[in-house]
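>
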Amino acid sequence: MTVNTSRRGFLKGAAAAGAVLVVGLNPQGAVAAGGDAAQINPFVKVGADGRVIAIIKHFEKGQGPATGLSTLIAEEIGVTMDQIDYEFAPSNPELYANLAFGQIQGTGGSTAMANSFMQYRTAGATARAMILEAAASATGAKATDLDIVDGMVTGAGDPVPLGQFVAAAATLEAPVEPILKTPDQWRLIGNPDIRRLDSRIKGNGEAMYAMDVHLPNQMIAMLARPPQTGGLVSSFDDTDAKTIKGFIRAATLPGNGAVAVYAENTWAAIQAREALTVEWDMSNAESRDSSQIKEEIMAALNGEAEFNVLKNEPGPIDQAAQVVEKTFYFPLLAHAAMEPLNCTIEANDDGGITLHDGAQMPTGPHMALSQIFELPMDKVRINTMLAGGSFGRRATPTADYQVEAGLAFVITDRTRPVKLVWSREDDMRGGYYRPAFGHKVRVGLSDAGEIVAWDHRIAGQSIMKGTAFESFAVHDGVDHSSVEGVADTPYTIPGFHVGLTDTKKATSTLWWRSVGHTHTAYAMEVMMDMAARAAGRDPVEFRLAHLGDSADARRKAAVLELAAEKGNWGNAPTGRVQGIAVHKSFGSYVAEVVEISGNANDGVQIEKVTCAVDCGIAVNPDVIKAQIEGGVGYGIGHVMRDEITLTGGVVDQYNFPDYEPLRMRDIGAIETHIVPSAEPPTGIGEPGTPPSAPALANAIAQTGTVVGVLPMINDGVAFA
């Protein structure tokens, strides 16, 4: 098991094998380079052997930044993808901040490529310029006459491996404004044949996930948590647990939030935890049923909205020629990543600690562990590992599971590493769900079938309020994540009004793949289809007619038209019908055509999904297609049959048998088409999810059932 080293440490190791050039941006944002990594923010490291290493500041949960950011550096330096490796950056928000988040290091909001595109290209171009300058000095040629192609310096006689000039390059001053390659010079960016750098190690089992960490003499810790949100430990009896072979001890965590069971291995920890007898204090715990939560949301929709989001009044709906209306309900949803939550903490020889974790937002746990252990930040190190999925669950404002691990470790004598493991059941019942929401929409149409007014009411549980993100995510009382995708729609809608009401949280709420767009896209796009049918117009033509001539609207229209063309819109094979939806999220535009056979009563079979995406410059087309496919599957799989329900405040679901993810049989084929673009890259990890569910719903509506209550099986839809 490799552990995290300091920036000075990895330079020392590289120097032992020969000269090394490290390039990045210093804390003031200026390009810097040299051999002293303690003073710079290294994004790229080049060894004397010519091997390039990209230092990746975003964690890898399967969405592809390790490949994408490495592609940018390889392109600008002039090496092949076979000549570059990657390492994850240490936790240091001053140096590795996500430029979209401020002074926070983290991955989320589909920002990895968008915020790093110029940063990593500049780092690669800087390394290239310095190597060429060193080569020019050595050969007597002009640097402008030299080039680096496939790792070889060319233009001064026989090609020479770039590694021969690394030592001299490391002594040079970095250029202030390195020259970036132009799109016509790109060989890697946009190349559809480039494959992921981590495919081989994931295929042969070499990949190290957080769950794979096994340190010498480590203990496994599993927690007995209260069955209801807000419960506390009153007391526990571990008499029976002591009979389990491998059991070490049990202890109440500081704060009385759980009982930690320590054992020599995971199975012993599971058995010992089951043998505990715990008395819980439920006086302040959640006790509502899901039916009550839904009733509260529906009541809020029918009452006066708490916030007038757009600060206007709805248009004259009651005077419209006809009114189309629908109420929607979206339940709590679990993230259900394949790798359950886990992390490992160990003590360092210098008195500090190291956290081994698939750390999505390392700044949060870094600060939390610093407080728990009363250590300065530089004594807390985070070794970011691969993560087996997340969909947002590994990025909590409270750093919940890392804090649990810290508390479980701090109350030991710290001589043995502690590995915290959540079981699948812990993960499913552990809270931090996509919040429940309701929408009530009324659309007024003219005699000509044009929208004249749209009144959209939303009620649900705020994600951002009460968290460290409230100051920049909540304005005038409105949590933007509750209304995104509605309040900022690219559609041109006269008399458009949006009302929002916050309701009481039943559990800890959290962003879930595509956050608010998971429910807002559904409501918007199902209503657009309903309005089109009421107006007697084609759904594609109707949408295009309500898009203006802004750049935003034109890009949305382009993906809509491309999806319709490639999906053979309006010409479904005999026995099949189609539905369409289009949505903008995280700066990207995605349209999808879902083709189904069967019907809601006898069983729906999803035959094909055709997607069109505009995410700006397509750095890695293969990764983009994979992310769209994954987003489609994630969105459709959940709306078909999944929900988290509560009985007396206790989560009913426990594992995949009663929270079934998408199965291979559920979708026949997914086809993705990428719109060529010269715009800066935008998000891709999440935008495939929002339009997938409404496109499916709009296809099912062609058979006579307009689905308003999710999951669809709760609204009378059967699946083949």
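Letter by letter, the sequence shown follows residues 196 to 915 in our numbering.
Don't be surprised by glycine CBs; every beta carbon is placed ideally from N, CA and C.
1. Closest by CA to Pro-876, which one among Val-647, Gln-314, Ala-532 and Ser-486?
2. To the nearest whole angstrom, what separates the beta carbons of Cys-806 and Glu-787, a pair I think is in contact under 8 Å?
3. Return the chain-ordered list of same chain residues with a C-beta closer than 6 Å to the C-beta of Phe-355, the five sequence neighbours on each side being excluded.
4. Closer than 8 Å is the cut-off here; do at least three beta carbon pairs connect the region 590 to 605 with the region 384 to 403?
5. Can you give me the C-alpha to C-alpha distance between Ala-500 and Ile-653, rounded to a whole angstrom?
6. Looking only at its own chain, which residues have a Cβ that is under 6 Å from the Cβ of Ala-211, when we skip the five neighbours before and after it?
7. Counting pairs of beta carbons, one from the region 760 to 778 and one from the region 887 to 899, are three or more of them closer than 8 Å?
8. Decide if the region 336 to 348 is in contact with the region 364 to 376; the criterion is three or more beta carbon pairs, one per stretch, under 8 Å apart.
9. Applying the criterion that 16 or more other CB atoms from any shown protein chain within 10 Å of the CB defines a buried residue, is Trp-462 buried or exposed?
10. Rounding to the nearest angstrom, what Cα-Cα distance links Gly-510 and Ala-631 in this structure?
11. Tell me whether the beta-carbon of Pro-612 lies closer than 9 Å to the beta-carbon of Ala-554.
12. Which value, in whole angstroms, describes the spacing of the CA atoms of Gly-826 and Val-215?
13. Going by DSSP in three states, Tyr-686 sits in which element: helix, strand or coil?
14. Just mark His-551 as buried or exposed, buried being the case when its beta carbon has 16 or more other beta carbons within 10 Å.
15. Given this structure, state the Cα-to-Cα distance separating Val-902 from Ser-676, to the nearest angstrom.
16. Do Gln-848 and Gln-258 come within 9 Å of each other at the CB atom, strictly closer than that value?
17. So, at 6 Å on beta carbons, what are the nonlocal neighbours of Ser-565 in its own chain, with the 5 sequence-adjacent residues on each side left out?
18. Could you give the distance in angstroms between the alpha-carbon of Asp-379 and the alpha-carbon of Ala-873?
19. Residues in the same chain with beta-carbon distance under 6 Å from Asp-724, minus the five sequence neighbours each way, listed in chain order, please.
20. If we require 3 or more residues per run, which beta strand (DSSP E) segments fall completely within the region 709 to 778?
21. Quick check: the region 534 to 549 against the region 743 to 759, are there 3 or more CB pairs under 8 Å?
22. Check whether the Cβ atoms of Ala-416 and Ala-455 lie closer than 9 Å to each other.
23. Closer than 6 Å by C-beta to Val-361: which residues in its own chain qualify, once you throw out the five before and the five after it? Chain order, please.
24. In or out: Ile-865 buried (at least 16 other Cβ within 10 Å) or exposed?
25. Name the two residues that bound the continuous alpha helix (DSSP H) containing Phe-568.
26. Please report the straight-line C-alpha distance between Asn-479 and Gly-426, rounded to a whole angstrom.
27. Using the DSSP secondary-structure output, state which residues sit across from Asp-809 in a beta bridge.
28. Taking 8 Å as the threshold, find out whether the region 245 to 262 comes into contact with the region 519 to 527 through three or more Cβ pairs.
29. Let's test the definition: count the other Cβ atoms within 10 Å of the Cβ of Pro-906 and tell me whether it reaches 16, buried, or not, exposed.
30. Assuming Met-414 is part of the beta strand (DSSP E), what are its boundary residues?
31. Just to confirm my understanding: we take Val-912, look at its own chain, exclude 5 residues before and 5 after, and list those with CB closer than 7 Å. What are they?
32. Could you spell out where the alpha helix (DSSP H) holding Arg-836 opens and where it closes?
33. Please identify the residue among Pro-856, Ala-330, Ile-819 and Val-846 whose C-alpha is closest to the C-alpha of Arg-836.
34. Measure the alpha-carbon distance for Ala-228 versus Val-218 and round it to whole angstroms.
35. What do you reckon, are the CB atoms on His-561 and Arg-629 nearer than 9 Å?
36. Three or more beta-carbon pairs under 8 Å between the region 668 to 682 and the region 481 to 493, yes or no?
Taking the geometry as given:
1. Gln-314
2. 5 Å
3. For the record, residue 355 in the displayed sequence is Val; it is not Phe. Closer than 6 Å at Cβ, skipping near neighbours: Val-348.
4. Taking 8 Å as the limit for Cβ pairs, the verdict is that the region 384 to 403 does not touch the region 590 to 605.
5. 8 Å
6. Note that Ala-211 scores 34 on pLDDT, short of 50, meaning its location in the model is unreliable and no value can be drawn from it.
7. yes
8. The region 336 to 348 vs the region 364 to 376: no contact.
9. exposed
10. 28 Å
11. no
12. 40 Å
13. strand
14. By the neighbour-count definition (other C-beta atoms within 10 Å, threshold 16), His-551 is a buried residue.
15. 23 Å
16. No, the pair does not count as a contact, with Cβ atoms beyond the cut-off.
17. Met-572 and Val-575
18. 12 Å
19. Pro-734 and Asn-893
20. As far as the region 709 to 778 is concerned, it has no whole beta strand (DSSP E) run of at least 3 residues.
21. No, the region 534 to 549 does not touch the region 743 to 759.
22. Yes, these two residues count as a Cβ contact at 9 Å.
23. Taken in chain order, the residues that qualify are Ala-214, Leu-216, Val-241 and Ala-243.
24. Taking all protein chains in view, the Cβ of Ile-865 is crowded by 16 or more other Cβ atoms within 10 Å, so the residue is classified as buried.
25. Its alpha helix (DSSP H) spans residues 558 to 568.
26. 7 Å
27. Tyr-784
28. no
29. buried
30. 414 to 419
31. Excluding positions up to five away in sequence, the list reads Ala-795, Val-799, Ile-895, Thr-900 and Val-902.
32. 816 to 836
33. Pro-856
34. Because Ala-228 sits at a pLDDT of 49, beneath the cut-off of 50, its placement in the model cannot be relied upon, and the point is left open.
35. no
36. Between the region 668 to 682 and the region 481 to 493 there are fewer than three C-beta pairs closer than 8 Å, too few to call the two in contact.
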